[in-house]
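In what follows, a single structure is set out as structure tokens and then discussed.
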Amino acid sequence: MKLRLTYILGLLLFCNSLLPAQDKKEESVYPQKMKSSFSKVSRSDRTKEVNQKLSEAEKIFGKQPNEALDLVHDALLICIKENYSTLEAEAYTLLGRFNYNLGEYKLSYKNYNKAITIYDVQKLVSNYNYSATQKLLTLYYPTGLSAEKTGDYENSLKYYDLLLNNAKSDDEVVKAHLAISNVYLLQKDFKGAQHHLEIALKIEKKRDNKKGLALVNLRLAELEKEKNNTEKALQYYQSSQNTAIEINDDQVVNTVFNDLSNIYLEENNIQEGIELNQQAIEYNQKINNPQEVSKRNIDLANFYMKQNKNEEAIQHLENTVEIADKTGDLQNKSKAIQTLSEVYNRSGQEEEAMEKYREYLALEDSIFKLKEQQLAEQNKKGEMLENAQNKLSLLEKDKQLNEKTIELLRQEKIIQEEFINKQKVITYSLIFGIIVLLVTSYLVYRSNKEKNKANQLLILKSLRAQMNPHFIFNALNSVNSFISKNDERAANRYLADFSKLMRDVMENSQEDFIPLSKEIDILSVYLKLEHHRFKDKFDYTFDVDDSINTEEYFIPPMLIQPYIENAVWHGLRYKEEIGQLNVSIQKMNDHIEVTIRDNGIGRKRSQELKTENQKIMKSTGLKNIDSRLKIISDIYKAKLDVTIEDVQPSGTLVMIKIYQDNIKKTEV
Amino acid sequence: MKNLKAIIVEDEEASRVTLNNYLARYCKNVDVLDMADSVKSGLNAIQKHQPDVVFLDIEMPFGNAFDLLESLNDINFEIIFVTAYRDYAIKALNLSAAYYILKPIDIDELINAVNKITERKKEGEDVFHTRILMDNIKSNSLQHKKIVLPQMDGFEVIKVNEIIRAEADDNYTKFYLQGGKTYLVSKTLKHFDELLCEFDFIRVHKSHLVNLHHIAKYIKGKGGQVQMSDDSLVDVSPTRKKELIDKFS
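For the record, the sequence lines run as chains A and B. The numbering used here puts the first residue of the first sequence at 274, with every later residue one more than the last. The numbering used here puts the first residue of the second sequence at 2, with every later residue one more than the last.
Here it is as structure tokens:
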């Protein structure tokens, strides 16, 4: 009953657990759909695509900047769509560089800023992101430079400061100081500029970096020149140039030549100017830099002009035009021709002067046209870039919107998942509870059963094999009678038999089953002793079928004895004449049959004979065996049949059927 | 010398022979006049010989010792009961302070019993134990049974329901009865506890045995106290409190 109930409960629960499972299925379809629209399925393919586009853009930028920009934009579109943040930052960095190179400083500043924002986020998300930190360090300088170029000194200084604060090497530190000093210089903050330059100088001196020293000294010279401190400026220039020559830093060397030449020109320091420019021409001829040679020749011509050495000036200028023509250096050619026209004018050669002037105008016109063309192109590019930029920002807004919807859906999903989880928890805990209930009830049932069995075994033990104490006392009585008769031999024989019987009974009383042969031994001694006591009351026979293997059959100990005792004490004992007791053990088809037949007074008459006073005394022997048989058949499922019937004219017949199979099975 | 006429009533031949042999050998003053193997032949023998003492087996076929005694109008002989079974009958015998010996017969026990009877016969005492025994056996109500209390000068027969309580006093037991009578008996309280426990007596304390029917009141306490019908207060030991309360609930 209990079991059936729990079974039904279990079924109910099982049905219940199916419901949330269905819900779950529907749930899982929805996010699946969502996923597919923002899929990350082909992630690896697309990053490859982005990388390809970026490297391709870098390759062709020099020749086809428009195509390069298109490629970067494409790459960016993909990155934004797919949420490849690192690649997106890289693309922005590249775009920034392109825009800077194209002179679009505002755009480049914006691009760099985007890249920096992305890396900053990455750095925030993962506590220490080495590559992001590294990338940031390389971005601060160009970003600051872009800002500087647009005149946004505030932001420019901000990024330079970032570079300075995050710098990992002296190179970076010096770079930052130089950049900062430059901004101060642009703002005419000479003190600030000088402060940073001096720091840079100290560092470079300390590590003895010639290139750096040349550069810093040059900057210092420029600063001093700006401050109209010519004397000091000249010193720095000299120092810078000396170092630059040492390490063949032509750029610095030429800058110094140029600046010094300008200073001498301004201050009418002709002799020194001529020497300087001659020196410069020699130097640049050595390093084969025709452009600089042209520049210096023009300056040299100017100095000669001031000395009125027109012949020499013209010669140098003609020379310059020739060189510039050869190298396609329109700027210098134009400047040389302009100066030539001036020289001719001075020397009164007006016709030549006019001719050169016209030539100069034509040249300037073509230079202007070229510049104009470049400008137009640039404007076009700017427009295009702006468009692209707008597209990008639109896309980003879109992305943000998408992210919002995704976030919403995600939250919805989380809520639903929580709900499902709650249901799951409830269901599982219910199932768990039921299982616990089932297990405990089973355990209780089992332990009860075991306890029952143990109890029954205990009862069985207490009931088992109790030789009727009356029999024992009577036996001892018999011994006493031999003693009183001084019949030592008989007393001894009787005691020996009695001891054997007691020993067998005690030994076997420990077992639940004993071989039939043992019981037969006990019975024969028992019969002998009882007969001795009631010699005048009965005779007996005891037959055992020879065909029975008495070792093979197992029966509970003292199963048969009580019936014999009963036959003697309550049947035969009351008989007037001598009675008959027949005990036999026969083999039948499927069982062994034990029969105990007496021709005593019978059960009914025995009961009638008892007086009131005698009835008070209770007989326990047979009650005992009844309970024993019951328990044995309960625990061992051993099949034993006992039937008792009355025999005519008087007497009792007890039949005990022992089914071999059952008993043997339970034995082993 | 043979001054004690005796009859043996015993169904088993071996036992008869044993008893007869031992009496002849160890109790020379006993003269076994006859031996009977059943109630019926026993009655005949008693009427025929008018014995001083009957050795009477309690369990026999066709009626037991009490059946035999009931059939007699007057019991003017001593009885020594013989039994192999220490059960129901023994209690009745004890209550009436009757003599009995257990089988297998202990020769010393036999001699002792015969000596006592010989002595009593000398003093010419009335043989009332057997009558009390018969009363007790016939009486259905437990509380109406009688108990024999041996005294220095003889026996005191008291109805069980007259006993209010008994108190231990070393190896003696003091009985408090209705009407204020007390008796001191030279037997332990334990002996009477065993005898009287089936007559609604309860041992409420190591040294107190009380008749449940005479308890008037229970006074709460660690073990508490009971007030008896004679207003005496008896301590209840804490360990027996529960047993006492269970009897009333």
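Ideal Cβ positions, reconstructed from N, Cα and C, are used throughout, including at glycine.
CB contact check: residue i to chain A, cutoff 7 Å
| i | result |
| --- | --- |
| SER230/B | no |
| VAL18/B | yes |
| TYR27/B | no |
| ASN22/B | yes |
| GLY43/B | no |
| ALA15/B | yes |
| ALA85/B | yes |
| LYS243/B | no |
Short CB-CB distance (under 7 Å) between residue i and chain B
| i | result |
| --- | --- |
| THR925/A | no |
| TYR847/A | yes |
| ASN839/A | no |
| LEU854/A | no |
| LEU882/A | yes |
| SER751/A | yes |
| SER772/A | no |
| PHE1013/A | As shown, chain A starts at 274 and ends at 941. That puts residue 1013/A outside it, with no answer to give. |
| SER879/A | no |
| SER900/A | no |
| SER790/A | no |
| ALA294/A | Residue confidence is low: ALA294/A scores 44 on pLDDT, short of 50, so the model does not pin down where it sits. No coordinate-derived value is stated. |
| SER757/A | yes |
| TYR782/A | The displayed chain sequence assigns Ser, not Tyr, to residue 782/A. So, not an interface residue. |
| SER906/A | no |
| SER246/A | This structure leaves residue 246/A out entirely; chain A is present only between 274 and 941. |
Own chain partners of residue i with C-beta closer than 8 Å, once the 5 adjacent residues on each side are dropped
| i | result |
| --- | --- |
| LEU451/A | HIS469, LEU470, ALA473, LEU488, VAL489, ARG492 |
| ASP602/A | PRO563, GLN564, SER567, ILE596 |
| SER534/A | GLY546, LEU549, ASN550, ALA553, ARG569, ASP572 |
| LYS3/B | LYS29, ASN30, VAL31, ASP32 |
| LYS92/B | LEU196, GLU199 |
Cβ-based neighbour list, residue i, same chain, cut-off 7 Å, excluding 5 preceding and 5 following
| i | result |
| --- | --- |
| LEU190/B | ALA167, ALA169, THR174, SER208, LEU210 |
| LYS483/A | THR516, GLU519, ILE520 |
| ASN781/A | ALA738, ILE787, LYS791, PRO830 |
| LYS297/A | In this predicted model, LYS297/A has a pLDDT of only 41, less than 50, meaning its place in the structure is not dependable enough to derive any value. |
| GLY225/B | TYR219, VAL237, LYS242 |
| ILE353/A | GLU361, LEU668, GLU669, LYS672 |
| ASN372/A | LEU380, SER381, ASN384, LEU658 |
| ILE102/B | ILE81, VAL83, GLU110, LEU111, ALA114 |
| ASP522/A | LYS484, ALA487 |
| LEU926/A | THR868, ARG870, GLU918, VAL920 |
Close Cβ partners of residue i (< 6 Å) along its chain, the five nearest in sequence each way excluded
| i | result |
| --- | --- |
| LYS599/A | none |
| GLN395/A | ASN402, ALA405 |
| GLU495/A | none |
| SER16/B | none |
Near the ligand NAP: residue i beta-carbon under 6 Å from a heavy atom
| i | result |
| --- | --- |
| ASN95/B | Because no ligand of any kind appears in the structure shown, any question about the ligand NAP cannot be addressed here. |
Open item on the list: With three or more beta-carbon pairs closer than 8 Å as the criterion, would you say the segment 451-461 of chain A touches the segment 417-430 of chain A?
Closed with: With three or more CB-CB distances shorter than 8 Å, the segment 451-461 of chain A counts as touching the segment 417-430 of chain A.
TODO: Pick out the complete alpha helix (DSSP H) segments inside the segment 91-175 of chain B, 4 residues or longer, and give them in chain order.
DONE: Under the rule that a run must span 4 or more residues, the alpha helix (DSSP H) segments found entirely inside the segment 91-175 of chain B read 108-124, 130-139.
Task: Sufficient close CB pairs (3 or more, under 8 Å) joining the segment 744-752 of chain A to the segment 810-826 of chain A - done: Cβ pair count under 8 Å is below three, so no.
TODO: Tell me the start and end of each unbroken beta strand (DSSP E) in the segment 843-879 of chain A that is at least 3 residues and wholly inside, in chain order.
DONE: Along the length of the segment 843-879 of chain A, whole beta strand (DSSP E) runs at least 3 residues long occupy 852-860, 864-871, reported in chain order.
TODO: Select from the segment 97-116 of chain B all residues with a C-beta closer than 7 Å to any C-beta belonging to chain A, and list them in chain order.
DONE: Sequence-ordered contacts of the segment 97-116 of chain B with chain A read LYS104, PRO105, ILE106 [C-beta pairs closer than 7 Å].
- [ ] With 7 Å as the C-beta to C-beta threshold (strictly closer), list the residues of the segment 63-83 of chain B near chain A in chain order.
- [x] Here the close residues are PHE63, GLY64, ASN65, PHE67, ASP68.
TODO: Mind checking the segment 787-811 of chain A against chain B and listing, in chain order, the residues whose C-beta falls within less than 9 Å of any C-beta there?
DONE: The residues in question are HIS805, ARG806, PHE807, LYS808, ASP809.
Task: Sufficient close CB pairs (3 or more, under 8 Å) joining the segment 43-58 of chain B to the segment 706-714 of chain A - done: Contact between the segment 43-58 of chain B and the segment 706-714 of chain A is absent, because fewer than three Cβ pairs lie under 8 Å.
Open item on the list: My parser needs the alpha helix (DSSP H) runs of 4 or more residues fully inside the segment 714-791 of chain A; what are they?
Closed with: Listed in chain order, the complete alpha helix (DSSP H) runs (minimum 4 residues) inside the segment 714-791 of chain A are 742-757, 761-781.
Open item on the list: With a threshold of 8 Å, are at least 3 pairs of Cβ atoms found where one atom belongs to the segment 772-779 of chain A and the other to the segment 31-42 of chain B?
Closed with: In the pairwise beta carbon analysis, the segment 772-779 of chain A is classified as not touching the segment 31-42 of chain B: fewer than three pairs are separated by under 8 Å.
TODO: Give, in chain order, every unbroken run of the alpha helix (DSSP H) that is at least 4 residues long and sits entirely within the segment 333-395 of chain A.
DONE: You should have 338-355, 358-374.
Open item on the list: Under 8 Å: do the segment 523-538 of chain A and the segment 572-589 of chain A share three or more Cβ pairs, one atom per stretch?
Closed with: For the pair of segments examined, the segment 523-538 of chain A was found to touch the segment 572-589 of chain A: the number of CB pairs separated by less than 8 Å reaches three.
Task: Three-pair Cβ contact test at 8 Å for the segment 864-874 of chain A versus the segment 840-848 of chain A - done: Short answer: they touch.
TODO: Kindly provide the ranges of any beta strand (DSSP E) runs that are 3 or more residues long and lie completely inside the segment 562-633 of chain A, ordered along the chain.
DONE: Segments of the beta strand (DSSP E) lying fully in the segment 562-633 of chain A: there are none.
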